[in-house]
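Structure, as structure tokens:
Number of protein chains: 2
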Amino acid sequence: MSKNPPRAVSSLQDLADIAGVSRATVSRALNNSTLINAETRKRLQALASEHNYTVNKQARDFRLKQTRVISVVFMLDAHSEQHPSDPFFLEMLGGIADGLSLHDYDLLLAHAPVASMRDLANSRIVRNAEGVIFVGQGEEHEALNKLADAGTPIVVWGGSVADKRYLLVGGDNAGGGFSATSHLIAQGRRRIAFFGNTRTPENQARFSGYEKALAQANLQPDDKLTVDIPSDMQHAQVVIENLLNKRIDMDAVVCTSDVMAIAAIAALTESGFSVPDDIAVVGYDDIPIASFSSPPLTTIRQSIHQAGSVLVESVLALINGHQVADTTLSSKLVVRKSCGA
Amino acid sequence: MSKNPPRAVSSLQDLADIAGVSRATVSRALNNSTLINAETRKRLQALASEHNYTVNKQARDFRLKQTRVISVVFMLDAHSEQHPSDPFFLEMLGGIADGLSLHDYDLLLAHAPVASMRDLANSRIVRNAEGVIFVGQGEEHEALNKLADAGTPIVVWGGSVADKRYLLVGGDNAGGGFSATSHLIAQGRRRIAFFGNTRTPENQARFSGYEKALAQANLQPDDKLTVDIPSDMQHAQVVIENLLNKRIDMDAVVCTSDVMAIAAIAALTESGFSVPDDIAVVGYDDIPIASFSSPPLTTIRQSIHQAGSVLVESVLALINGHQVADTTLSSKLVVRKSCGA
DNA sequence: TACAAAAATGCAATCGATTGCATTTGCAAT
DNA sequence: ATTGCAAATGCAATCGATTGCATTTTTGTA
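Taken in order, these protein sequences are the chains called A and B. Following my numbering, the numbering of the first sequence begins with 1 at its first residue and continues without gaps. Following my numbering, the numbering of the second sequence begins with 1001 at its first residue and continues without gaps.
Pasting the structure below:
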């Protein structure tokens, strides 16, 4: 067993020299090419691992003009330019990261969510990645359409829109909005408010579910009960408190996120209302903290982690030129005390 | 103004051909080399932007043997192998992402936090990045030491340890633990529990601050009041409820995270205790949701976002071979109702 | 005007891996 | 022994940018 002196093996050429073959042969051996003799392959693979050698991924990707990177862009409210603090995002990110690593892809995190969606196509976010996952559409539906038209493989987490031309994965927003509202109605609530930015497609769909539930119960929708609440907690609270000062008659609230619901409960309590006795509250997402809020939050559960892997599978399918259809994940009502049940 | 026909310009050579110079000249012009004539530089830069050309970062990095990537690894509890749901992590990630983008670095997110810390040195996480930021030490102090010894530029967010050989950035954990505890004592509390995994250096330091505050008030520490609570909410609640069943006498709790504090409040309330009347609770981190919990959470504020940028600056300094010292960021008590104040 | 020095530009190697197209080897059939 | 064919291996170009070392152009000075 003569051991080669342990010297650094850093390239195909080094290994080829040691083995006395050409680097083409080594390359083929390590890539399981059928061109290579089975025994040669085995020998070279053994040699590679013996010398603790792995191919230089950077050189390989450069040669093959691939990056094995997927960008992830979190769409923020146009209002709050700060980073999101909603645990929903973290869970989603975890799901995406898991999915990507399964396929040996890396995750490039888009930091400053696109001050200018205009030149997104030329940004590193797009150019350095083989595909992009957008979490949320914000109010940038058209920019997304344009990007998809340009041939960039993109998948978007969000709600459906009439003239959508990109691949979409989302929850059953209309269903979620409907069951949240229906449940409140079943509890005897009649003056039900809707809190959220209805300019985003997701919330639009939830709102339509809300309207449908009202109609089904012969309740009149009231414009004053539809309130655009920022998704950022601090701002949300201010807006909600202003609203409460107007003494608008209401006995329940459907929120477009758990975080918003928690802010709402705080604002309501602050203003002397009791939840759920005076006003019932339903959230959306079922983030881990939802069941620990007081009162525990009734909410619409989205399988966020699963959503991440669906997003990954979809964008990879796109990249590989496969046919892919939109996906709608189920959304399920989780009843806890904040709705009075 | 004769416009060149708009054809794809995808390499230095293309641009050089158009400009009638060599690609070396173009390269130098775009890199602001002093070797180049100022006017030539201006002309070529204009030409580049006119043709919407930017250098191929992949080729550039390959040639320069750099990756411009920093890996970020979130250390999880050994217990809960799942993804973290603590908003603390998301804020930290945001801070890091902002800092990195400032320096034109990319962020590689380590997905499955190191099932095997053993071969970390050979993982893509380390090999594909110029440096690594670890958020938390978990119980992997020695593995981190080894990695640093191997010459990998790493920075760790955490608490100080005697034989530490890596660069550390952290909050003033001893101070935080001390002021949380002191404040409770000042409120008249005497039987103060400490909730958290004291095997991690951060919590160890917080615990020492807790002990110091007790000693200073001539209070006897009681082993039964030191409880290892998992950082995962669901598990935390179970453990806390078991604890409460033992009817151990206590009138206050110092927690090692806000998320844990919120779980504790829920468990306490569930078991019939009133917060803060029966038992006061103090959290740690001051995550956005802390002020919205009910009762609003007294906690130790860490400037998480700032921490992110300090981590980035530190790891980059390390990469560039500069001298860097550990950083301790201040931690400040934020008093809200959960402590009875 | 001539010549040296400085400034600007070009040439060509290089990073490490992949792969189309030779070329060589091995083996069977004639 | 020769031929033919398949299997295995080698050669060398290639991806796009950077940079040390010429080489050319410009500038300054005697």
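We put the CB at the ideal spot given by N, CA and C, even for glycine.
Among the residues of the stretch 1134 to 1155 of chain B, none has a Cβ less than 8 Å away from any Cβ of chain A. Proximity of the stretch 1134 to 1142 of chain B to the stretch 1065 to 1075 of chain B meets the contact definition, three or more beta-carbon pairs being nearer than 8 Å. In this model, residue 271 of chain A and residue 110 of chain A are separated by some 39 Å (Cα to Cα). Contact annotation: in the stretch 165 to 193 of chain A, no residue has its CB less than 7 Å from a CB in chain B.
Residue 1024 of chain B and residue 196 of chain A have their C-alpha atoms roughly 55 Å apart. For residue 1067 of chain B, the residues of chain A that pass the 8 Å Cβ criterion are 58, in the order they occur in the chain. Taking 7 Å as the threshold, the shortest C-beta distance from residue 97 of chain A to chain B falls below it.
Counting of Cβ neighbours within 10 angstroms places residue 1034 of chain B among the exposed residues, the total staying below 16. Distance between residue 1241 of chain B and residue 1231 of chain B, taken at the CA atoms: about 15 Å. The C-alpha of residue 70 of chain A is placed about 28 Å away from the C-alpha of residue 29 of chain A. From the beta-carbon of residue 1061 of chain B, the residues of chain A found nearer than 8 Å are 58. Boundaries of the alpha helix (DSSP H) harbouring residue 40 of chain A: 38 to 50, taken from the DSSP string. Residues of the stretch 1292 to 1305 of chain B whose Cβ lies closer than 8 Å to any Cβ of chain A, in chain order: 1292, 1293, 1294, 1296 and 1305. Proximity of chain A to residue 1256 of chain B at the Cβ level (cut-off 9 Å) is not reached, the minimal Cβ distance being about 16 Å. By the Cβ-count criterion, residue 1248 of chain B is exposed, with fewer than 16 other Cβ atoms from all chains shown falling within 10 Å of its own Cβ. The DSSP-derived three-state label of residue 1220 of chain B is coil. DSSP places residue 34 of chain A outside both helix and strand once states are collapsed to three, so it counts as coil.
Residue burial annotation: residue 1183 of chain B is buried, with at least 16 other C-beta atoms found within 10 angstroms of its C-beta. Closest option to residue 125 of chain A, judged by alpha-carbon separation, among B:1306, B:1104 and B:1269: B:1104. The stretch 1245 to 1262 of chain B makes no contact with the stretch 1152 to 1159 of chain B; the number of CB pairs closer than 8 Å stays below 3.
Excluding five sequence positions before and after residue 191 of chain A, the CB atoms of its chain that fall closer than 8 Å to its own CB belong to 222, 225, 249, 250, 251 and 252, given in chain order. The stretch 12 to 27 of chain A and the stretch 37 to 45 of chain A touch, with no fewer than 3 CB-CB distances between them shorter than 8 Å. If you check the CB distance, residue 1260 of chain B and residue 1229 of chain B come in under 7 Å. Using a Cβ-Cβ cut-off of 7 Å, residue 1276 of chain B is close to nothing in chain A; its nearest Cβ partner there is about 13 Å away. For the pair residue 258 of chain A and residue 1290 of chain B, the Cα-to-Cα distance works out to about 14 Å. In this structure, DSSP gives residue 159 of chain A a state outside helix and strand, which the three-state scheme calls coil. Relative to residue 145 of chain A, the option among A:162, A:88 and A:92 whose CA is nearest is A:162.
Three or more Cβ pairs closer than 8 Å define a contact, and the stretch 324 to 331 of chain A meets that threshold against the stretch 164 to 177 of chain A.
Looking at A:31, A:65 and A:198, the one whose alpha-carbon comes closest to that of residue 55 of chain A is A:31. A straight line joining the alpha-carbon of residue 95 of chain A with that of residue 1089 of chain B spans about 15 Å. For residue 1332 of chain B, the uninterrupted beta strand (DSSP E) run begins and ends at 1331 to 1334, by DSSP. Within chain A, no residue has its CB atom less than 9 Å from the CB of residue 1260 of chain B, the nearest being about 10 Å off. Ranked by Cα distance from residue 1301 of chain B, the options B:1101, B:1282 and B:1337 are led by B:1282. Per DSSP, the beta-bridge partners of residue 1285 of chain B are B:1301.
Below the 9 Å Cβ cutoff, chain A contributes 291, 292, 293, 294 and 296 as neighbours of residue 1266 of chain B, in chain order.
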